[in-house]
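Trainee: Numbering (this note's numbering), first residue to last: 11 to 640. The beta carbon of each residue, even a glycine, is placed where N, CA and C say it ideally should be. The structure displayed is predicted, hence computed values, not measured ones. One structure is given below, represented as structure tokens, and several questions about it will come after.
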């Protein structure tokens, strides 16, 4: 019995098709359609054919690996534009294989147009229950080697954050030297350092280090992309990235690329090339590779050596709460992160109101081995620093009642540089927005002024770090891995169909078309052998048939439902296939030259027509007439 809800979706989907596409599709299953006709009745008849167990088993059991990959991806995304689906699967298969697989799924009606969203496709709900055995999420994010490292959303992003803050605090912005692994993303890190310096000036940075790893990741990416529209959706992107990495067992380089592709797609981001973005995520330790085979680096202790160098080990949770970046400068970044404590870095820390004892206590927090020499040196340097002191800040004078509030209010304490007399406080000038808000909350709406009146803007603080928006994966099938191999008991149904076709009184042209449909398991029963053909005619030319090649290219340029496939020989004599959109055909120096944008890389290529071994029109979809421009 057909589930009514599933049928309603299927019926609405077919009714949304253009008439010529609709009837061409139904002829492949029902044969010649007599008039008058009733579309609702035709759809009901077609649904009864598709839901027969022998039909569904014959279709599903013979799906190839590309088709299974496409269906697995579509089951995660639920509804998606076909080109976006091909983009997501190209990491696992060649683009032309994905395109061919998508067309096969359309012709088998396993995927259908989404009746609710224009130019998007969904899994046919009439097939959904029978697909549970071939959906394999593990295949999307894993690699061929089982020992490939697991990809995870990493807490080590805190360590990278502290390294960047150390550079922002201690280095001259005009002379900053980035670690070698960051040089490839120099413009990004330049923007990010500028963003961090602005935050340091306006609100300090220590409070941000207390936030979760996803919030720190949001701040780092949004800061580096502050001038890019990408920053607007960074929260959605990171949330998807985190959700996918926690839901699936993502492994290896190919798996991590697919992970980034999926997160980009859910956040509707295409501004940044996937390989570049993946590299950046690993550089920032937002994504990390973790060896889970009996290794535990969490017990590795950070060290402070007698030469005043600090070695921070990734994976040590105590490192995530240390403040070493405030009083030491970054000196190395690799499997470990190294800092150096010197006179200038300590002076910078003292200027940020860190006391000698606070620095020593912090060192003892993440390392049990703090050399006595540095413990004795820090107070001595503080004495030198304090010989003559210029206090930068805003001086507030209070009455006796407000003085008691100032002394007791914990929310104000971080903003008080020092109390220099009864009722006289030096407030942090760079955090004036924050402490004025605290005062406003306790009822101080106006601060009297004596001397030069300072014009104060209402809001100069940078955007706060928000928690990431939640993304949940509504997966229709269990995440447990199913085998992608062909079931052993399935027999090939094609030989008997070829014999039946040979007995039919069809023309050779029709037989060739039906034979191809049998080969691809579009036809899986004798009842489908009454099909009379498709509306779209595939054109191809190869070898020395120069004029026919020109006709095929012009046909692909004229018809918006076609891509063009070209086959050329490389310098080693091997064939290379490209699929794309033909843009122009021009004549230069008595040579015909094809300009084509290839997919999915979207690059433009010029080829002399005589150098093309083969050209062929490739349909984009059997559903959408204006797919290329839609």
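Please report the residue range of the alpha helix (DSSP H) in which residue 385 lies.
Mentor: Here residue 385 refers to the residue found at position 375 when the chain shown is read from its first residue. Start and end: 382-395.
Trainee: Whose CA, out of 145, 439 and 32, lies closest to the CA of residue 53?
Mentor: By 1-based counting over the chain shown, the position of residue 53 is 43. Among 145, 439 and 32, the Cα nearest to that of residue 53 belongs to 32.
Trainee: Figure out for me which residue from 126, 333, 150 and 269 has the closest Cα to the Cα of residue 175.
Mentor: Along the chain shown, read from residue 1 onward, the residue named residue 175 stands at position 165. Closest by alpha carbon: 333.
Trainee: Report the rounded CA-to-CA distance for residue 496 versus residue 71, giving the unit in angstroms.
Mentor: Residue mapping note: residue 496 aligns to position 486 of the chain shown, counting from 1. Residue mapping note: residue 71 aligns to position 61 of the chain shown, counting from 1. Only weak support exists for where residue 496 lies, its pLDDT of 47 falling under 50; the coordinates are left without a value.
Trainee: In the DSSP assignment, the alpha helix (DSSP H) including residue 593 goes from what residue to what residue?
Mentor: For this step, residue 593 is matched to residue 583 along the chain shown. Premise fails: residue 593 lies in the beta strand (DSSP E), 585-598, not in any alpha helix (DSSP H).
Trainee: Excluding sequence positions up to five away, which residues of its chain have a Cβ less than 7 Å from the Cβ of residue 643?
Mentor: Only positions 11 to 640 of the chain appear in this structure, which leaves residue 643 out of reach.
Trainee: Report the three-state DSSP secondary structure of residue 342 (helix, strand or coil).
Mentor: As a first step, residue 342 is located in the chain shown; it is residue number 332 there, counting from the start. If DSSP states are grouped into helix, strand and coil, residue 342 belongs with the strands.
Trainee: Determine, using beta-carbon pairs with one atom in the region 357-373 and one in the region 260-270, whether at least three such pairs fall under 8 Å.
Mentor: Because the criterion of three Cβ pairs below 8 Å is not met, the region 357-373 and the region 260-270 do not touch.
Trainee: With distances taken between CB atoms, is the gap from residue 628 to residue 572 smaller than 9 Å?
Mentor: Along the chain shown, read from residue 1 onward, the residue named residue 628 stands at position 618. Along the chain shown, read from residue 1 onward, the residue named residue 572 stands at position 562. Cβ atoms of residue 628 and residue 572: closer than 9 Å.
Trainee: Suppose the cutoff is 8 Å on Cβ atoms and the five residues either side in sequence are ignored; what does the same chain contact list for residue 358 look like?
Mentor: Translated into positions along the chain shown, residue 358 becomes position 348. Hits under 8 Å: 179, 180, 336 and 337.
Trainee: Does the Cβ of residue 331 have 16 or more other Cβ atoms within 10 Å, making it buried, or fewer, making it exposed?
Mentor: What you label residue 331 is simply residue 321 of the chain shown in a count that begins at 1. Exposed, because fewer than 16 other Cβ atoms sit within 10 Å of the Cβ of residue 331.
Trainee: Would you check if the distance between the CB atom of residue 412 and the CB atom of residue 426 is smaller than 9 Å?
Mentor: Position 402 of the chain shown, counting from 1, holds the residue named residue 412. Position 416 of the chain shown, counting from 1, holds the residue named residue 426. No. Outside cutoff.
Trainee: Among the residues of its own chain, which have a CB less than 7 Å from the CB of residue 134, if the five just before and after it don't count?
Mentor: Position 124 of the chain shown, counted from the start, is the residue given in the question as residue 134. For residue 134, where only same-chain residues beyond five positions count, the Cβ hits under 7 Å are 20, 119, 120, 121 and 122.
Trainee: Skipping 5 residues on each side, what residues in its chain have a beta carbon closer than 7 Å to that of residue 383?
Mentor: As a working note, residue 383 is residue 373 in the chain shown. Correct list, in chain order: 316.
Trainee: Is the Cβ-Cβ distance between residue 563 and residue 574 less than 9 Å?
Mentor: Within the chain shown, numbered from 1, the residue matching residue 563 stands at position 553. Within the chain shown, numbered from 1, the residue matching residue 574 stands at position 564. Cβ atoms of residue 563 and residue 574: closer than 9 Å.
Trainee: Going by DSSP in three states, residue 193 sits in which element: helix, strand or coil?
Mentor: Looking up residue 193 in the chain shown gives position 183. Helix, per DSSP.
Trainee: Under the three-state reduction of DSSP, which class applies to residue 528: helix, strand or coil?
Mentor: Taking the first residue of the chain shown as 1, we reach residue 528 at position 518. It is helical.
Trainee: Taking the alpha helix (DSSP H) that residue 229 falls in, what are its first and last residues?
Mentor: Within the chain shown, numbered from 1, the residue matching residue 229 stands at position 219. Taken as a continuous stretch (DSSP letters only), the alpha helix (DSSP H) holding residue 229 covers 223-234.
Trainee: Quick one: complete beta strand (DSSP E) runs, 3+ long, within the region 315-359?
Mentor: Counting only runs of 3 or more, we get 319-323, 339-343 and 346-350.
Trainee: Is the distance from the Cβ of residue 165 to the Cβ of residue 256 below 9 Å?
Mentor: Taking the first residue of the chain shown as 1, we reach residue 165 at position 155. Taking the first residue of the chain shown as 1, we reach residue 256 at position 246. Their beta carbons are not under 9 Å apart, which means residue 165 does not touch residue 256 by this criterion.
Trainee: Report yes if the C-beta distance between residue 446 and residue 457 is below 9 Å; otherwise report no.
Mentor: The count along the chain shown starts at 1 and reaches residue 446 at position 436. The count along the chain shown starts at 1 and reaches residue 457 at position 447. A contact, by the Cβ cut-off of 9 Å.
Trainee: Cα separation between residue 590 and residue 609?
Mentor: Within the chain shown, the letter at position 580 stands for residue 590. Within the chain shown, the letter at position 599 stands for residue 609. Between residue 590 and residue 609, the C-alpha separation is close to 5 Å.
Trainee: Out of 507, 339, 98 and 419, which has the shortest C-alpha to C-alpha gap to residue 284?
Mentor: Translated into positions along the chain shown, residue 284 becomes position 274. Here the closest residue by C-alpha is 98.
Trainee: Tell me which same chain residues have a C-beta within less than 8 Å of the C-beta of residue 89, skipping the five on either side of it?
Mentor: Mapped onto the chain shown, residue 89 falls at position 79. Excluding positions up to five away in sequence, the list reads 124, 126, 127, 130, 131 and 132.
Trainee: Among 242, 161, 342 and 632, whose alpha-carbon lies nearest the alpha-carbon of residue 188?
Mentor: By 1-based counting over the chain shown, the position of residue 188 is 178. Residue 188 has its Cα closest to that of 342, out of 242, 161, 342 and 632.
Trainee: Contact defined as beta carbons within less than 8 Å: I believe residue 603 pairs with residue 615. What is the distance between those atoms, to the nearest angstrom?
Mentor: Indexing the chain shown from 1 puts residue 603 at position 593. Indexing the chain shown from 1 puts residue 615 at position 605. Residue 603 to residue 615, Cβ: 10 Å. No contact.
Trainee: Go ahead and pull the three-state DSSP assignment for residue 162.
Mentor: Along the chain shown, one-based indexing puts residue 162 at 152. Strand, per DSSP.
Trainee: To the nearest angstrom, how far is the alpha carbon of residue 47 from that of residue 247?
Mentor: Within the chain shown, the letter at position 37 stands for residue 47. Within the chain shown, the letter at position 237 stands for residue 247. Residue 47 and residue 247: Cα-Cα distance of roughly 48 Å.
Trainee: Assign residue 623 to one of three DSSP states: helix, strand, or coil.
Mentor: The residue labelled residue 623 in the question sits at position 613 within the chain shown. In the structure shown, residue 623 sits in coil (DSSP, three-state: anything other than H, G, I, E or B).
Trainee: By DSSP, does residue 139 sit in helix, in strand, or in coil?
Mentor: Residue mapping note: residue 139 aligns to position 129 of the chain shown, counting from 1. The answer is helix: DSSP assigns residue 139 an H, G or I state.
Trainee: Can you look up residue 489 in the DSSP assignment and give me helix, strand or coil?
Mentor: Locating residue 489 in the chain shown gives position 479, where the first residue counts as 1. Residue state, collapsed to three classes: coil.
Trainee: Please state the DSSP three-state secondary structure of residue 47.
Mentor: The count along the chain shown starts at 1 and reaches residue 47 at position 37. Reduced to three states, the DSSP call for residue 47 is coil.
Trainee: Going by C-alpha distance, which of 108, 59 and 91 is nearest residue 76?
Mentor: Residue numbering aside, residue 76 sits at position 66 when the chain shown is read from its first letter. Ranking 108, 59 and 91 by Cα distance to residue 76 puts 108 first.
Trainee: Given this structure, state the Cα-to-Cα distance separating residue 593 from residue 103, to the nearest angstrom.
Mentor: Within the chain shown, numbered from 1, the residue matching residue 593 stands at position 583. Within the chain shown, numbered from 1, the residue matching residue 103 stands at position 93. If I take the Cα positions, the gap works out to 26 Å.
Trainee: Quick one: give me the first and last residue of the beta strand (DSSP E) that residue 431 is part of.
Mentor: As a first step, residue 431 is located in the chain shown; it is residue number 421 there, counting from the start. First-last of the beta strand (DSSP E) with residue 431: 426-431.
Trainee: Over what stretch of residues does the alpha helix (DSSP H) that includes residue 178 continue unbroken?
Mentor: Reading the chain shown from its first residue, position 168 is the one you call residue 178. Counting along the chain, the alpha helix (DSSP H) containing residue 178 begins and ends at 167-180.
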